[in-house]
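Notes to accompany the following structure.
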Amino acid sequence: MNVRRPVLACLLTLFLPAIQASDWGQFRGGSSGRIEQISHPMTWDSTKNVAWTVPMKGSGWSSPIVAGDRIFLTAAVPADGSRPKGMMAGVASMGSYRRAKPVEHTFIVQCLALNDGKLLWEKTVAKKTPAVVHPSNTYATESPATDGQQVYTFFATTGDLTAWDLDGKQLWTKNTGAFKSGNGFGTGSSLAIHDSQVFVQYDNDESSFVAAYSAADGSQIWKDEKRSKTSWSTPLIWKAGKTVQLVTCGSGVVTSYDAASGKVVWRLSGIRSSFSASPCTGAGHIFFGNSGPMSAGPLVAVEANTVGQISLDRSFQSPDVAWSKTRSGPGMASPVVSQGRLYIPGSGGILNCYDASTGERVYRTRVPGMATVAASLWADEKHVFILDESGTTHVIAAGPTFERVAANKVADLFWSTPAVAGNRLLLRGVEKLYCIAGDAE
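Count along the sequence shown from 1, add 7, and you get the number used in this note's numbering.
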């Protein structure tokens, strides 16, 4: 197939609408982290503008989601009470973790009141003793999803995909199988939902697949059994022109499917290695890329209405992409677009800002005191928010020059991507769930 990229594609409305309601129904709100207007506070700390906190039961890097006045969380509760480690502590523990013995975990779903954090209900999905994973990951890294009527949870470690009503009644469950991940790093791809379908991306070293299931009864609608290996990226629903696509980043390949049928719309090959960050949209493009702890990978932009096979050369170039840049891809944190600029945190406290339409670098700077960033970014048209693992949220003014307007510190360890619900911001740390609330300054 040939690739088609209409010249006027950038003039179309090509992405999901910015979040306007108080609901936050899936990873990054289903909107690549973009909000029409931020109404949560611009400044906070461990006590200032904190409406409430609740201790975390077990551990999980899955994001909280919100439907109405309810928060939904997943966690894995280890029998030995262990907690995940940050980046450097995890690296330092590599030798000992490979010798560690597996521990039984209880896999749970919780529902909390948005107003005060009160536990409304808790359900157990499974009790199992999974294989040991990297000390910086958890066994509950896949974020749940909700359509406002039902809640969907997925634990890739056990293979359990389950639907619940908002009061905790199990509606259906199915097991996708549980498979070995690459290098023992565990799993991490969150659910996506659209138009009564629940999408699962499960890239592993044994039997990778992408599938759509009926939200009503869990029946399989379509499935693509992939040949790629372990990856941790979350699939993204993209309203691209007249089509609704599901874009997935897997090891060595990026694929866009027609969300309804599973038919491949376009497929890009030539990116080596796996993905941790998820794709994001904005300015008429979809952006994706990867980088590892020892090497920086490419950053690629593709326009809507593209179809067919795209092949990158050894320099990650192709006439069939809008633009690409070497050594510029995101690591763990998914980027965000604000005011037509793409923001990507790098290693060593670096923040890169690009023109989203052309790929031209706007600036590159070191953010003072910024630690490793695993949580994905969120933004409106005025500010970009970057939560590092040490608990500092760096608030950056959206614009052509770098300006940090606030640095908000909460003493905890953070890899989970926050949720935004109206004037409330939910930060999931290792120790506590924090609700930041108040009037935006």
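Quick reminder that beta carbons are idealized off the backbone N, C-alpha and C, glycines included.
Return the chain-ordered list of same chain residues with a C-beta closer than 6 Å to the C-beta of residue i, the five sequence neighbours on each side being excluded.
i      : result
Thr153 : Gly32, Ile72, Ala74
Ser150 : Phe34, Ser69, Ser70, Ser197
Ala133 : Phe114, Thr165, Asp167
Pro142 : Lys92, Gly97, Ser100, Tyr104
Asp123 : Trp59
Gly376 : none
Ala328 : It should be pointed out that residue 328 corresponds to Val in this sequence rather than to Ala. Same-chain partners within the cutoff: Val307, Val309.
Gln117 : Leu80, Glu129
Val61  : Gly124, Leu440
Phe409 : Tyr370, Thr372
Ile464 : No answer is possible for residue 464: it lies beyond the span of the chain, which begins at 8 and ends at 448.
Asp395 : Met377, Ala378, Val380
Thr160 : Thr81, Val116, Pro151, Thr169
Would you give the residue range spanned by the alpha helix (DSSP H) that residue i belongs to?
i      : result
Gly102 : 101-105
With a CB to CB cut of under 7 Å and the five nearest residues on each side skipped, what residues in its chain are close to residue i?
i      : result
Val84  : Lys64, Gly65, His112, Thr113, Ile115
Leu432 : His47, Pro425, Ile443
Asn182 : Gly166, Asp167
Val369 : Arg348, Cys360, Tyr361, Asp362, Pro407
Lys270 : Tyr264
His292 : Ala308, Val309, Glu310, Ala329, Ala363
Thr20  : At Thr20, the pLDDT of 35 sits below 50, so the modelled position is not reliable; the number obtained from the coordinates is stated separately. Within the same chain, Thr20 has no close Cβ partners at all.
Val391 : Val343, Ser345, Tyr350, Leu384, Ile403, Ala405
Gln27  : Annotation note: pLDDT 37 at Gln27 (below 50); position unreliable, coordinate value reported separately. Within the same chain, Gln27 has close Cβ partners Glu43.
Ser188 : Thr194, Asn211, Asp212, Thr237
Ile228 : Gln204, Ala219, Tyr220, Ser221
Val374 : Gly356, Leu358, His401, Arg411
Thr145 : Ser66, Gly67, Trp68, Ala83, Pro91
His201 : Ile244, Val251, Ala266
Trp51  : Val57, Asn415, Ile443
Tell me whether the beta-carbon of residue i lies closer than 7 Å to the beta-carbon of residue j.
i      : j      : result
Pro305 : Ser331 : yes
Gly225 : Trp179 : yes
Thr255 : Val217 : yes
Ser283 : Ser258 : no
Ser203 : Ala222 : yes
Pro286 : Leu243 : yes
Gly193 : Val140 : yes
Arg334 : Ala290 : no
Thr148 : Gly195 : yes
Asp446 : Gln44  : no
Ala266 : Leu275 : no
Pro172 : Gln157 : According to the sequence shown, residue 172 is Asp rather than Pro. Yes, Cβ-Cβ distance for Asp172 and Gln157 is below 7 Å.
Phe295 : Val261 : yes
Asp87  : Val110 : yes
Gly277 : Leu319 : yes
On the DSSP letters alone, give me the boundaries of the beta strand (DSSP E) that residue i sits inside.
i      : result
Glu213 : Segment: none, Glu213 is in no beta strand (DSSP E) and carries neither H nor E.
Arg435 : 431-435
Asp3   : Nothing can be reported for residue 3: it is not among the residues displayed for the chain, which extend from 8 to 448.
Ala444 : 439-444
Pro4   : This structure cannot speak to residue 4, because the chain is shown only from 8 to 448.
Leu394 : 390-394
Thr399 : 399-404
Thr113 : 112-120
Thr60  : 57-62
Ile45  : Counting along the chain, Ile45 falls outside any beta strand (DSSP E), and DSSP gives it neither H nor E.
Arg411 : 411-416
Val427 : 426-428
Ala74  : 72-74
Apart from the five residues on each side of it in sequence, which residues of its chain come closer than 8 Å, Cβ to Cβ, to residue i?
i      : result
Gly436 : Met63, Gly398, Val417, Asp419, Leu420, Phe421, Ser423
Val14  : Only weak support exists for where Val14 lies, its pLDDT of 37 falling under 50; the coordinates are left without a value.
Gln177 : Lys130, Thr169, Ala170, Trp171
Ser214 : Gly184, Phe186, Glu232
Arg279 : Gly259, Gly304
query: Any contact of the region 336-349 with the region 376-390, i.e. 3+ C-beta pairs under 8 Å?
result: yes
task: May I ask you to verify whether the region 47-62 touches the region 398-416, counting CB pairs closer than 8 Å and requiring at least 3?
output: yes
message: At 3 residues or longer, what runs of the beta strand (DSSP E) sit wholly inside the region 300-370?
response: 303-310, 315-318, 330-332, 343-345, 348-352, 357-362
message: Under 8 Å: do the region 310-323 and the region 339-359 share three or more Cβ pairs, one atom per stretch?
response: no
- prompt: Taking the runs of the beta strand (DSSP E) that are 3 residues or longer, which of them lie wholly in the region 246-298?
  reply: 250-257, 260-265, 271-276, 287-289, 292-298
field: Inter-stretch contact (C-beta, 8 Å, three-pair minimum) for the region 190-209 and the region 228-242
entry: yes
- prompt: Should the region 318-328 be called in touch with the region 357-371, which here means at least 3 C-beta pairs below 8 Å?
  reply: no
message: Which complete beta strand (DSSP E) runs does the region 135-172 hold, if anything under 3 residues is left out?
response: 157-162, 167-172
message: For a minimum of 3 consecutive residues, which ranges assigned as the beta strand (DSSP E) are wholly contained in the region 176-207?
response: 177-182, 199-201
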